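In this text, residue positions in the sequence shown follow the numbering used here: the first is 175, and each later residue adds one.
For each residue, glycine too, the CB sits at the ideal point set by N, CA and C.
From a predicted model like this one, the values you see are computed outputs, not experimental measurements.
Here is the structure we will look at.
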Amino acid sequence: MVSTHREALSLFNRDVRLVLFSQALIGFTIFGGVYTVLLNLYLLRLGYGPQLIGQVNAVGALSFAFLSMPAGLLANRWGARRSMIVGMIVAAFGFGLLPLGEFAPTSAQLTWIMGAYALGVLGNTLFLVCSIPFLTLICPPRLRNHVFSTQVALWPLAGFAGSLCGGLLPGLFSALLSLPEDHPAPYRYPLLLAAGVLFISAGAIAATRSRPPKPPARERGEATPFPLAIILALSLVTFLQMAAENSLRIFFNVYMDDGLGASTALIGSLTAGGQLLAACTALAAPALSRRFGRVPVITVGSGAMVLCLIPLALVAHWAVAGVACMALVALSSIRRSVYIVFQQELVPEHWRVTMSSALTMAYGISIAGVSLGGGWMIDALGYRALFLSSAVITATGVLYFQGYFRIPRGEYAKRLTEKSLDKDV
Numbered sequence: 175m176v177s178t179h180r181e182a183l184s185l186f187n188r189d190v191r192l193v194l195f196s197q198a199l200i201g202f203t204i205f206g207g208v209y210t211v212l213l214n215l216y217l218l219r220l221g222y223g224p225q226l227i228g229q230v231n232a233v234g235a236l237s238f239a240f241l242s243m244p245a246g247l248l249a250n251r252w253g254a255r256r257s258m259i260v261g262m263i264v265a266a267f268g269f270g271l272l273p274l275g276e277f278a279p280t281s282a283q284l285t286w287i288m289g290a291y292a293l294g295v296l297g298n299t300l301f302l303v304c305s306i307p308f309l310t311l312i313c314p315p316r317l318r319n320h321v322f323s324t325q326v327a328l329w330p331l332a333g334f335a336g337s338l339c340g341g342l343l344p345g346l347f348s349a350l351l352s353l354p355e356d357h358p359a360p361y362r363y364p365l366l367l368a369a370g371v372l373f374i375s376a377g378a379i380a381a382t383r384s385r386p387p388k389p390p391a392r393e394r395g396e397a398t399p400f401p402l403a404i405i406l407a408l409s410l411v412t413f414l415q416m417a418a419e420n421s422l423r424i425f426f427n428v429y430m431d432d433g434l435g436a437s438t439a440l441i442g443s444l445t446a447g448g449q450l451l452a453a454c455t456a457l458a459a460p461a462l463s464r465r466f467g468r469v470p471v472i473t474v475g476s477g478a479m480v481l482c483l484i485p486l487a488l489v490a491h492w493a494v495a496g497v498a499c500m501a502l503v504a505l506s507s508i509r510r511s512v513y514i515v516f517q518q519e520l521v522p523e524h525w526r527v528t529m530s531s532a533l534t535m536a537y538g539i540s541i542a543g544v545s546l547g548g549g550w551m552i553d554a555l556g557y558r559a560l561f562l563s564s565a566v567i568t569a570t571g572v573l574y575f576q577g578y579f580r581i582p583r584g585e586y587a588k589r590l591t592e593k594s595l596d597k598d599v
């Protein structure tokens, strides 16, 4: 049995380390880092309001949602490794093209931005759909809790560095270009640099060892019924529970800038603080999972995320917003690392890409719903209505998850019954 996280880290193989490095670069750029901090602020500098910003984010989210199942089919055909490489290259081009939309004719500018964002999200979707099953495949079961908690910790840790850079780079480029910070140019160049880093991420995956794809399950005599009920149940859980996190990830910087008048440096610092805290809390996930069980950790973590939105909705102050955001991001990192292992071990190996695709789709639909509904709600009712509505939706997901999964189900239940799980689980 692996007793400590430090001991587990020493047992990670070369391919696991390369995949984790690749994902750290994603965290630095597009998952909590430079791009996350600056994209909405860049759109504000171009003259777009919260509703149009919500629409841009919704286009990316809908691409994320409706391309996840085709991405899973491509992964089954090409193999996870090749799909991840192609995905990162496509993402780099898409996210790099977005800030160039500033130079498009005014009538085509929004279309360019939405199209480029959709392309970037397409590549990211192909990568993410494959990365969880690929990591599950290349690491032994006794290390999975530690591998995925490390992955979830790396995203915010890299996002911490990316958020700091994102908060500081516009001021640097503003000084270099002799332009005010409310000009789009100081935001354009950091976005381009962030997109370029994704090529390095693709190179890290290319450096892993190629694995021949497995024959279909029916050819190996391992065919099992399609686990429709469990996939649908977890898809609904994902859609509902992610509302709280998505409302902050999409609109926190807009709320701070447009609603509270906070500076870009302060927004970047608070975002970075949340990412750093999340990196620390993610590493506690294996111990919490081992001590209390996965279902209780997911339930309590999601419920606590709901509570974080209440003071955010009721008190309009940057300090309250910052603390609430940091707490929610920290809790979400614990929930995410436990949830990843939980959902992958609910189904046999040959259904894991399908499970990942379905939950990615549900996650994307949740982002799209929050983006579109949140943008409209902010314009019509204000930020308070957005945060309270997100809290209610997530609370519904918490109750549904606890009710459905309080009794073990699927492949996970089978393994528990056979007492074949490692003691780390």
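Contact between Ala487 and Leu562 holds: CB atoms are separated by about 5 angstroms, below the 8 angstroms threshold.
In the three-state reduction of the DSSP assignment, Asn187 falls in the coil class. At a Cβ-Cβ threshold of 8 angstroms, Thr203 and Val371 count as neighbours. For Arg316, there is no enclosing alpha helix (DSSP H), as DSSP marks it with neither H nor E. Non-local C-beta neighbours of Ala378 in its own chain, meaning closer than 8 angstroms and more than five positions away in sequence, comprise Leu192, Val193, Phe195, Ser196 and Leu199, ordered along the chain. For Val566, the closest C-alpha among the options Ser257, Ala418, Ser511 and Val521 is that of Ala418. The Cβ atoms of Ala569 and Val471 do not sit closer than 8 angstroms to each other. In the DSSP annotation of this structure, the continuous segment of the alpha helix (DSSP H) that includes Met479 starts and ends at Arg468 to Leu488. In the structure shown, the three-state DSSP call for Ile404 is helix. If you ignore the 5 residues before and after Ala278, its C-beta comes within less than 6 angstroms of the C-beta of Trp286, all in its own chain and listed in chain order. For Ile552, the enclosing alpha helix (DSSP H) stretches over residues Arg526 to Leu555.
For secondary structure counted as the alpha helix (DSSP H) over 4 or more consecutive residues, the stretch 269-318 holds these complete runs in sequence order: 280-312.
Selection Gly275, Asn298 and Leu218 evaluated against Ala245 yields Asn298 as nearest (Cα-Cα).
For Ile581, the secondary structure class from DSSP, reduced to helix, strand or coil, is coil. In this structure the stretch 523-536 lies against the stretch 303-313, because at least three pairs of beta carbons, one per stretch, are closer than 8 angstroms. The alpha carbon of Ala327 has as its nearest neighbour, out of Asp553, Ala498, Ala459 and Ala501, the alpha carbon of Ala459. Between Val503 and Arg468, the C-beta spacing is not below 8 angstroms. Taking C-beta atoms as the reference points, Leu366 and Pro224 fail to come closer than 8 angstroms. Short of 6 angstroms from the beta carbon of Phe301, and not among the five residues preceding or following it, lie these beta carbons of its own chain, in chain order: Met258, Gly261 and Met262. As the crow flies, the alpha-carbon of Tyr361 is around 10 angstroms from that of Leu346. Counting C-beta pairs with one atom in each stretch, the stretch 535-547 and the stretch 231-238 have three or more that are closer than 8 angstroms, which means they touch. For the options Ala453, Arg510 and Ser531, the alpha carbon positioned closest to that of Met500 is the one of Ala453.
With contacts defined by Cβ atoms closer than 8 angstroms, Val527 and Val295 do not form a contacting pair. Going by beta carbons, Ser530 and Pro307 fall inside the 8 angstroms limit.
Residue environment for Ile484: exposed (fewer than 16 other C-beta atoms within 10 angstroms of its C-beta). Contact annotation: Gly333 and Gly228 have beta-carbon atoms that are not nearer than 8 angstroms.
Annotation for Cys339: Val208 place their beta carbon closer than 7 angstroms to its own, counting only its chain and skipping 5 residues before and after. If you draw a straight line from the Cα of Ala265 to the Cα of Ser305, it is about 15 angstroms long.
It is roughly 20 angstroms from the alpha-carbon of Gly538 to the alpha-carbon of Tyr574.
Gly577 places its beta carbon 8 angstroms or farther from that of Val411. Burial of Val230 is indicated by the presence of at least 16 other C-beta atoms within 10 angstroms of its C-beta. For Ala559 and Trp550, the gap between their C-alpha atoms comes out near 11 angstroms.
Going by DSSP, Thr210 is part of the alpha helix (DSSP H) stretching over Val208 to Arg219. Pro344 sits away from Thr445, with the two beta carbons spaced by 8 angstroms or more. Counting the other CB atoms within 10 Å of its CB gives Gly341 a total of 16 or more, which places it among the buried residues. Distance from the CA of Pro330 to the CA of Phe426, rounded to the nearest whole angstrom, comes to 16 angstroms.
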